[in-house]
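One point on numbering: in our numbering, the residue at position 85 of the sequence shown is 85, and numbering is uninterrupted. To keep things clear, I will list the structure first and then write my remarks on it.
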Amino acid sequence: MTSLFLKTLSGQQSKERPLWLMRQAGRYLAEYRAVRASEPDFISFCLNPEKAVEVTLQPIDRFGFDAAIIFSDILMVPWALGRNVKFITGEGPKLDQMETGDEITEVMIAEMALKLAPVATAITNCRAALAPNKALIGFAGAPWTIITYLLEGGSSRDFAVARQWMWENDVRFDRLLDLISHATADFLTLQAEAGADALMLFDSWASAVPAHLRKKVVIDPVNQIVGILRKRGIHTPLIGFPKGIGEGLVEYCNETDLQAVGIDHGVDMRWAAATLPLHLTLQGNLDPLSLISGGDAMTRAIDEILDAMDGRPHIFNLGHGITPQTPIDHVHDLLTRVRGKVS
Ligand code: CP3
């Protein structure tokens, strides 16, 4: 039995909309917080297949979402490349700030798969534990988003260091983009080969790329990664998520060979339905903060998205990750509303 999620991802429409939520395995769940407390070091947590499988399945067991996303992090790639990634409570991720770009070599990329092997184990075990009608998503950060962490040494408000680097270090920046694209393709290969049914590429900070550099920094790397995967015989469907690029979605959708695109909550879904190519499945885009207040305002926003997406393949999701403050009851309300809708 193929899942509703995979059917929709392949472009078929059904009466029901598949639904999952970005960051669905996370701190808004008490059962997640309990497992997290048993593993204070976040990287060790991600590299513990038993615990990773457990928390990946928690939101499926509780809510019956149509897809699970493997519990891991986009920063596992910088970690595997030796950048000393640490997650400090209340401060977010910290890593060694890169200076020249020469800190990362092809040898390090070749050695990455061994370090990330526990993620593959978690995926294989998770796939075995999931019901056949539930899909399992593997993921990675898109090269630009990973580069912002490498160059900033952590999260950033305006990405000033990374953007300046983009302007000043033409050859070095190109080399870095190429290396990280290869590393990303390798991480996705490992996940597809371990049994992921779909792959998602998070370009969470794509909005920081100036419009005229989008093709080179956001779009071309997607094509490079897809090209590497397909050449390796991997035909797992891919979802791109270029968060915050607004009108850039047109070029992103037209010039990449993806099966679906994640739409953030800054985009009008009616515009997306009317403008983006019909062969693409669209995913999104409820503002995660609407889940905090819930009620009628949330219901209206859900209906608006469902109506706007009538007539094309759509995977219901948020416009960004669910927040730790989200009340569980509001997630149940969201599910009831989406599942109750039959088009
Ligand atoms: O259900 C899931 O989606 C779980 C898997 C997952 C995590 N991170 C686990 C996680 C996924 C898909 C991610 C993606 C991720 N990680 C992104 C892209 C998506 C996005 O939100 O834009 C980014 C930018 C990161 C980097 C990252 N990881 C940051 C900035 C932080 C700290 C901020 C925070 O939310 O605490 C993390 C930590 C992290 N990754 C947590 C989880 C559940 C919270 C850490 C904890 O439990 O203490």
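Backbone N, C-alpha and C fix where the C-beta goes; we use that ideal spot for every residue, glycine too. Fair warning: this is a prediction, and the values are worked out from it, not measured in the lab.
Measure the alpha-carbon distance for His279 versus Thr105 and round it to whole angstroms.
As a working mapping, residue 279 is identified with position 279 in the sequence shown. As a working mapping, residue 105 is identified with position 105 in the sequence shown. Straight-line Cα distance between these residues: approximately 38 Å.
According to DSSP, simplified to helix, strand and coil, what is His314?
Your numbering for residue 314 matches position 314 in the sequence shown. Looking at His314 - three-state DSSP - the assignment turns out to be strand.
Continuous alpha helix (DSSP H) stretch holding Gly227: start and end
Here residue 227 corresponds to residue number 227 of the sequence shown, with the count starting at 1. Note, Gly227: alpha helix (DSSP H), 220 to 231.
Ends of the beta strand (DSSP E) at Met22?
Counted from its first residue, the sequence shown places residue 22 at position 22. Met22 -> no beta strand (DSSP E), and no H or E assigned at all.
Would you report the Cα separation of Gly266 and Gly319, rounded to the nearest angstrom?
For the purposes of this step, residue 266 is taken as the residue at position 266 of the sequence shown. For the purposes of this step, residue 319 is taken as the residue at position 319 of the sequence shown. Going from the Cα of Gly266 to the Cα of Gly319 covers about 8 Å.
Report the option in Thr336, Pro327, Ile328, Thr323 whose CA atom is closest to the CA atom of Ala316.
The count along the sequence shown starts at 1 and reaches residue 316 at position 316. According to the sequence as given, residue 316 is Phe; it is not Ala. Taking only the C-alpha atoms, the option nearest Phe316 is Thr336.
Can you name the start and end residues of the alpha helix (DSSP H) that Asn285 belongs to?
Here the question's residue 285 lines up with position 285 in the sequence shown. No alpha helix (DSSP H) holds Asn285; the beta strand (DSSP E) holding it covers 281 to 286.
Where does the unbroken alpha helix (DSSP H) through Val209 begin, and where does it stop?
Along the sequence shown, read from residue 1 onward, the residue named residue 209 stands at position 209. Where Val209 is concerned, there is no enclosing alpha helix (DSSP H), given that its DSSP letter is neither H nor E.
Taking 8 Å as the cut-off, decide whether the C-beta atoms of Leu81 and Ala183 are in contact.
In the sequence shown, the residue the question calls residue 81 occupies position 81. In the sequence shown, the residue the question calls residue 183 occupies position 183. Result yes, Cβ atoms of Leu81 and Ala183 sit closer than 8 Å.
To which residues of the same chain is Ser207 closer than 7 Å at the C-beta, ignoring the five residues directly before and after it?
By one-based count along the sequence shown, residue 207 stands at place 207. Closer than 7 Å at Cβ, skipping near neighbours: Lys243, Gly244, Ile245.
Taking contact to mean 3 or more Cβ pairs, one atom from each stretch, closer than 8 Å, check whether the stretch 82 to 90 and the stretch 155 to 167 are in contact.
no
On the three-pair Cβ rule with 8 Å, is the stretch 38 to 45 touching the stretch 110 to 126?
Contact between the stretch 38 to 45 and the stretch 110 to 126 is absent, because fewer than three Cβ pairs lie under 8 Å.
So, does the stretch 120 to 131 touch the stretch 47 to 55, judging by three or more C-beta pairs under 8 Å?
Contact between the stretch 120 to 131 and the stretch 47 to 55 is present, because at least three Cβ pairs lie under 8 Å.
Under 8 Å between the Cβ atoms of Asp73 and Leu136?
As a first step, residue 73 is located in the sequence shown; it is residue number 73 there, counting from the start. As a first step, residue 136 is located in the sequence shown; it is residue number 136 there, counting from the start. For Asp73 and Leu136, no; Cβs fall outside 8 Å.
What would DSSP say about Phe87, mapped onto helix, strand or coil?
As a working note, residue 87 is residue 87 in the sequence shown. In this structure, Phe87 counts as strand in the three-state DSSP scheme.
Counting C-beta neighbours from all protein chains within 10 Å, is the total for Asp155 16 or more, i.e. buried, or is it exposed?
On the sequence shown, residue 155 is found 155 positions in, with the first residue counted as 1. Residue identity differs from the one stated: residue 155 is Ser in this sequence, not Asp. It is exposed - the Cβ of Ser155 has fewer than 16 other Cβ atoms within 10 Å.
So what's Gly138 in DSSP terms, helix, strand or just coil?
Translated into positions along the sequence shown, residue 138 becomes position 138. DSSP places Gly138 in strand when its eight states are reduced to three.
Would you call Arg17 buried or exposed, if buried means 16 or more other Cβ atoms sit within 10 Å of its Cβ?
Taking the sequence shown and counting its residues from 1, one reaches residue 17 at position 17. Buried, since its Cβ has 16 or more Cβ neighbours within 10 Å.
So does Gly266 have its beta carbon nearer than 7 Å to some heavy atom of ligand 2?
For ligand 2, the structure offers nothing, since it holds only ligand 1.
Does the stretch 215 to 228 come close enough to the stretch 184 to 191 to have 3 or more Cβ pairs within less than 8 Å?
yes
Give, in chain order, every unbroken run of the beta strand (DSSP E) that is at least 3 residues long and sits entirely within the stretch 179 to 205.
198 to 203
Using only alpha-carbon positions, find the residue among Leu95, Ala67, Arg62, Phe63 that is nearest to Pro78.
Mapped onto the sequence shown, residue 78 falls at position 78. Selected option, being the one with the closest Cα: Leu95.
Assign Ala211 to one of two classes, buried (16 or more other C-beta atoms within 10 Å of its C-beta) or exposed (fewer than that).
Reading the sequence shown from its first residue, position 211 is the one you call residue 211. Classification of Ala211: exposed, given that the 10 Å Cβ count is below 16.
Beta-carbon proximity list for Arg27, same chain, < 8 Å, skipping 5 on both sides
Residue 27 sits at position 27 when you count from the first residue of the sequence shown. The beta carbon of Arg27 sits closer than 8 Å to the beta carbons of Arg33, Arg36, Pro324 from its chain, once the five residues preceding and following it are set aside; these are given in chain order.
CB-CB length for Pro237 against Gln259, believed under 8 Å:
Here residue 237 is taken as the residue at index 237 of the sequence shown, counted from 1. Here residue 259 is taken as the residue at index 259 of the sequence shown, counted from 1. About 4 Å separates the two Cβ atoms, so the contact holds.
Same chain, Cβ closer than 6 Å to Met200, five either side skipped, listed in chain order
Position 200 of the sequence shown, counting from 1, holds the residue named residue 200. Cβ neighbours of Met200 beyond the five flanking positions: Ile137, Phe139, Ile239.
How should Arg83 be labelled, buried or exposed, when 16 other C-beta atoms within 10 angstroms of its C-beta is the threshold for buried?
On the sequence shown, residue 83 is found 83 positions in, with the first residue counted as 1. Classification for Arg83: buried.
For Thr326, collect the residues of the same chain with a Cβ closer than 7 Å to its Cβ; drop the 5 residues on either side in sequence, then sort them by chain order.
Position 326 of the sequence shown holds residue 326. Tyr28, Leu291, Ile292.
Own chain partners of Asn254 with C-beta closer than 7 Å, once the 5 adjacent residues on each side are dropped:
As a working note, residue 254 is residue 254 in the sequence shown. Closer than 7 Å at the Cβ level, and outside the excluded window around Asn254, lie Pro277.
Between the CA atoms of Trp165 and Leu4 - distance to the nearest angstrom:
For this step, residue 4 is matched to residue 4 along the sequence shown. For this step, residue 165 is matched to residue 165 along the sequence shown. When rounded, the distance between both Cα atoms is 43 Å.
Just the C-alpha distance for Val209 and Ile70, rounded to the nearest angstrom, thanks.
For this step, residue 209 is matched to residue 209 along the sequence shown. For this step, residue 70 is matched to residue 70 along the sequence shown. Ile70 has its alpha-carbon roughly 28 Å from the corresponding atom of Val209.
What are the start and end residues of the beta strand (DSSP E) that includes Val261?
If you number the sequence shown from 1, residue 261 lands on position 261. From DSSP, the beta strand (DSSP E) with Val261 extends over 260 to 263.
Grab the span of the beta strand (DSSP E) containing Lys94 for me, first residue to last.
As a first step, residue 94 must be located in the sequence shown, where it is residue number 94. Lys94 -> beta strand (DSSP E) spans 92 to 94.
With DSSP run on the structure shown, which of helix, strand or coil describes Ala162?
As a working mapping, residue 162 is identified with position 162 in the sequence shown. Looking at Ala162 - three-state DSSP - the assignment turns out to be helix.
On the criterion of 16 or more Cβ atoms from any shown chain inside 10 Å, does Gln12 qualify as buried, or is it exposed?
As a position in the sequence shown, residue 12 is number 12, starting the count at 1. By the neighbour-count rule (16 or more Cβ atoms within 10 Å), Gln12 is not buried but exposed.
Three-state secondary structure assigned by DSSP to Ala131
Numbered from 1 along the sequence shown, position 131 holds the residue referred to as residue 131. Note: Ala131 maps to coil in three-state DSSP.
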